[in-house]
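Numbered by mature numbering (1 follows the signal peptide of the UniProt record, and there is no 0), the letters in the sequence shown go through residues -21 to -1, 1 to 1151 in order. Note that CB positions come from ideal geometry on N, CA and C, so glycine has one too. On a predicted model such as this, the values are computed, not experimentally measured, just so you know. Before any comments, here is the structure.
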Amino acid sequence: MELVQLFFCFSAIAVLTPCHGFSVDTEQPIIFRETVKSFGYSVVQFGSGTNAGVLVGAPLQQGVVNETGKIYKCQVTASKSGRCQELVLQRPPDAVNMSLGLSVSAHDSQVLVCGPRVHQTCGEYIYLKGYCFLLDQNLRQIQRFPDQLPECSRRPADIVFLIDGSGSIKTRQFSQMKTFISEVMKRFQNTNTQFGLSQYSDGYVEHFDFLLFKATPNPDDLIRKTRQLNGATYTATYIQKVVREMFLPEKGARSDASKILIVITDGEKTGDPLEYNEVIPEAQRANIIRFAIGVGFSFAYGSAHEELVAIASNPSVDYVFSVNNFDALKDIQNNLQNKIFAIEGTQSQNTGNISQSFELELSQEGFSALHTQSGSILGAVGAYDWAGGLFLFNSQGDAAFINTSSSTNDLKSAYLGYSIQEVQVNGQSSFVVGAPRYQHVGKVVWFSQRRGQWTQKSELSLKQSPQIGSYFGATLCAVDLDRDRNTDLILIGAPMYYDGIAGGRVYVCQRQGETFFCGKELQGEPHHPLGRFGTSIAEAGEITRDQWTDVAVGAPLEDENQGAVYIFQGQRRSLNHVFSQRIRSSIVANRLQYFGQALDGGSELTGDGLPDLAVGADRQVLLLRARPVVSVVTGITLNPTIIPMSAFECEGQNVLNKEISTATVNFKIVGDIRFTFGNNTFNTIRYTLTLDPGRQKVRAVFHQGSNLSTTTEEMKIGVGTESRMYRIKLPTCVEDSLTPIILQLNYTLMGEPIPQANNLRAILKKDDESNLLLASLHFEKNCGRDGICKDQLKTSFNFSGLNELVVGLTSELNVTVFIRNDGEDSYSTNLTFIHPSSLSYRRFILVQTNRKYVIIKCISPHGTEEVPVRKTICGINHPIFRSMAEVIFIVTFFVSQDANLGSVVRISATASSENNVTVTKDMVYRMELPVKYAINIFINNLASSTKYVNISAGQEDETQTVEHHYEMKNTYLRNVSVSVTFHIPVSLNGTQIWNATLDVPQEFPQIICVPGTNTPGSKEFVKQLNKQPVLDCSVATCKTITCNVPSLEFRQFIEFKIKGDIGFKWFSQIQQTKVTLVSSTQISYDKNKYKQIEEFMKSQVKTTVEFFKGYNYLPIIIGSCLIGLVLLVLIAAILYKLGFFKRQYKLMIDEAHNEVAEGPPEASTPSDATKG
């Protein structure tokens, strides 16, 4: 668990070596393994030849007493596992738990090793310092930085006790207070601390000042004579007096000493004329640190406790003490002593609120380390309250401290010096320094030397502020892309960057002149949001053999803490932002943890002449070797390079089987000149030859083997050249003899194990990874002796018998096209139609040709409304339209229903080819076709019209209202301008029939109606009405009204009303009592422009008019009466004849009476029944 914590806290240290990897071998890594805690936390390559190796830090490994951290020297052996041995350094006796190996750095033949966590005990405190050791090429110590730790700092302190001598304190308690003061003073004997003592109540006594203290060093002698004053408690008043009168030079006060006032009281102030807010600001301005000690239970809370808070410095939790009684004062002696010691060993930087502020006590120099030609640079992240800074040690061991914290307060806790890199520009050396906790986002500062002084030159900042908590600046790497000793890039790591996808970022700052601009950023593979990409960054050397330095980036928490390393390829001015290789820990070794936590590269350690990359993991270090990079030069030679006509002209047969050319394939391997064992490099090339790649119908095959268009083979080849030959033939007739036959070569290279280099394999150079080569085999052209093809194209077309185009009725326009070539072969022959954009190409149909095979392909690019014309291009038998070939085909264009083509449609056809002949009149043909537009307009009568009216004789002077309603509508897509004419019967032979008027809806103000000339009617109207009782404009005089409708829109309805009163005097002129009144209407339009789909252009409305004459009913009544009397006489005569009047009526009555009298005696009469 400690290693994980250390890794998170100090993730930059392992890569602060000079950053000296695409083709990195992962099959044969050299593994250095030590089963000790934190082995592999830091790595650095050192030395050359047999002396070369890797220094590995194990900063948490425990040694003998007070010994933490070890350094291991690891070197390559003949086995896969290297050999490591502990490097014993001469540690100073005070190098307690220094975490040796937390940072390492190398330059030329020297190595700098640091332990930045030396525990230095100063009194009751433990400070953190550091030691660094400079080693020579034999790893012997030649210098130590610093030579020894500085002594514990003790700033002088002037302390005044102001004690309460009021009457509330008993004599024994006062004596206990004197003992407490004496014991405190004794604890500071033999230190640079001096004391003074004053007592107050409602009066004041100064018992001794600093001069008397120096003259009488025994505290007991000074305090023994002190007597209690008694009285009230004027605490505020006498604090002011001490501030003004005790800390004076004439009383022995020192200007460089810390001023400390300790107030001891047993209760709240009473009777005091001053308040604390009048006194304490004066003490603050005098930089007096104030302790308040309250004795008694009342100081635990309430107003008494608030008085202590008002007296003491901030924060009150550090400067307020309260005890229950005077006997308990001895219990706070240690705590008070520690507080004062802390003040003596630190310096206040804020006079308003006094707090413990450190300078170099926790500097941890060597937290990061960089060894350069001009000296050693140690990062001191803990300096000045962890604002940080740098120590620069020259070759003589003289130190200079660089920081920005002395004048910039916002750098507090910034960790300046967490990472360091040297920048070289035009021979001038400077440094970039990381401060990853600056305002919680991080910062990178560039320091340069001017007139012998190191000052901040600028900051390396991003366009947008770094993400909060990303640790921007935790790692740095200066990159010299072309190795010209000028820094081209500075890479800034932000390993704690989080976006939920890929954790960590590396920002690329590119040098432009003498300034760096940060724009591009690098990131790892997605799906590792906590991968810590950028924890380590290192130059990897030129591992891709492209002359540019490559870079390795570690992401030790990817793959569930197993880790990964990324390789980014160098370019002319920057890095490729896409990684060229991702090395997972699982492919190089089993059970690795934190692979990539440390990196160093660029040196050659294995004797093969190629740069190696050292990668730190938990308890292991892996040395990954660059692979030799070989180039392949390929070539294809064709003989002959042109297929003669005799080889591909069919002359009636379908099968040819003619050999047309021979292809010779050449491979030349160019070795890696850096590689020591280049002559022992062998590779297997697997290659594929393909004829006519990508074509569905392949024209050529290889003669040998299975007569296929593809062949795959292998060859083993060393550094040098190898060739193979292949014969090519045409199996059948070819339709396309214009496009050359393509021969495509694809190959891959697999390096064979090289025993002399521990089975290292070569790899193909990245620039050659296209692995593709093409060669063309052209067909001979039939172009006569001069070699120039001169075609003679002729074309024409017609509209397939169509006389006019009716837009809306004619949905397709068929154009019958003729084209012929009367000259030599025509290549890439096209027939281009130019037509209105409203016509769109639909299809073509081949009608007739004099050739066995003809291919026509037509395309029409999409047009826009802004472009009035568009093209349709038909390729005629591409690639060759043979001599004397002719074709007839039909091209169909779709005609949009809403197309606007004007009065004629114009189409032109132009024949062209790649023969580049002059355009003749036979190659261009134009035609026009009249255009009309389909419309469908209806006018109907409506049921709401008056159907019937009548009048009786004697009412001829009366009138009745008659209405005729018409509706006009447009049921087609196109808006159209029309006129509608109404004919209304208004009079007959000068007598008015109908005083009708025409009403147009108000919502159509654009409709203008004008009256026309009345029609005269017929003079023989009586005769005409006798034949047919219809009163229309052929009989009566009619009013004519014409209404012009500028634009009748689609689905628009317009209702017209003819309304007026009809009279009946005209009935006296005719012999009919019932006639039909008829009005009519008719629509007219521009027939040169439009064509009506259905003929519903006329309509009528009919109203039946009937006249009833008067009638005499008296003759009918008299006649009816006479007839009735005659019928009555006849009936009476018949009854008489039948004897009806001869019956004896009296006799019938008597018989009836007798029948009643003879009834039974016991029956009740009606009257009796009523009575009962």
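query: Simplified DSSP assignment, three categories, for residue 38; result: strand
query: Element boundaries [beta strand (DSSP E), containing residue 1070]; result: 1069 to 1071
query: Local Cβ density within 10 Å of residue 314, reported as buried at 16 or more and exposed below that; result: exposed
query: Same chain, Cβ closer than 8 Å to residue 166, five either side skipped, listed in chain order; result: 312, 316
query: Any 3 or more C-beta pairs closer than 8 Å across the region 336 to 352 and the region 108 to 120; result: yes
query: Start-to-end residues for the beta strand (DSSP E) that takes in residue 911; result: 903 to 914
query: Coarse secondary structure for residue 598, derived from DSSP in three states; result: coil
query: Euclidean distance between Cα positions of residue 889 and residue 678; result: 32 Å
query: Residues bridged to residue 961 [DSSP beta-bridge criterion]; result: 1020, 1060
query: Straight-line gap, residue 52 to residue 664 (C-alpha atoms, nearest Å); result: 41 Å
query: Through-space distance from residue 1087 to residue 1080, alpha-carbon basis; result: 23 Å
query: Rounded C-alpha distance that separates residue 1152 from residue 855; result: The structure shown does not extend to residue 1152, since the chain spans only -21 to 1151, so no value can be given for it.
query: Simplified DSSP assignment, three categories, for residue 718; result: coil
query: With 16 other Cβ atoms within 10 Å as the buried cut-off, status of residue 943; result: buried
query: Extent of the continuous beta strand (DSSP E) run through residue 153; result: Where residue 153 is concerned, there is no enclosing beta strand (DSSP E), although the alpha helix (DSSP H) it sits in stretches over 150 to 166.
query: Residue interval of the alpha helix (DSSP H) (run including residue 259); result: 255 to 264
query: Beta-carbon proximity list for residue 330, same chain, < 6 Å, skipping 5 on both sides; result: The predicted position of residue 330 is uncertain, since its pLDDT is 36 and thus under 50; a value taken from the coordinates is nonetheless stated next. 266, listed in sequence order.
query: Every unbroken beta strand (DSSP E) within the region 518 to 547, with a cutoff of 3 residues, ordered by chain; result: 529 to 534, 543 to 547
query: Rounded separation between residue 877 and residue 793 - CA only; result: 19 Å
query: Strand pairing of residue 990, partner residues [DSSP]; result: 1020
query: Whole runs of the alpha helix (DSSP H) within the region 747 to 830, excluding any shorter than 4 residues; result: none
query: Three CB pairs or more closer than 8 Å across the region 547 to 562 and the region 605 to 623; result: no
query: Any beta strand (DSSP E) of 3 or more consecutive residues that is wholly inside the region 413 to 490; result: 422 to 429, 432 to 438, 454 to 458, 468 to 473
query: CB contact flag (residue 975, residue 1037, <8 Å); result: yes
query: Simplified DSSP state of residue 1012, which is helix, strand or coil; result: coil
query: For residue 86, the residue or residues it bridges with in DSSP; result: 89
query: Anticipated Cβ contact below 8 Å, residue 39 with residue 23, distance rounded; result: 18 Å between Cβ atoms; not a contact.
query: Spatial distance of residue 148 from residue 296 (CA atoms); result: 26 Å
query: Beta-carbon gap between residue 910 and residue 884 smaller than 8 Å; result: yes
query: Selection from 1027, 984, 1052, 963 that minimises the alpha carbon distance to residue 1007; result: 1052
query: Straight-line gap, residue 1152 to residue 1011 (C-alpha atoms, nearest Å); result: With the chain covering -21 to 1151 only, the question about residue 1152 has no answer from this structure.
query: Own chain, CB closer than 7 Å to residue 42, minus 5 neighbours either side, in chain order; result: 49
query: Those residues which DSSP pairs with residue 378 across a bridge; result: 372
query: Residue 923 burial status per 10 Å Cβ neighbour count (16 or more: buried); result: exposed
query: Beta-carbon gap between residue 453 and residue 545 smaller than 8 Å; result: no
query: Proximity of residue 805 and residue 770 at Cβ, strictly below 8 Å; result: yes
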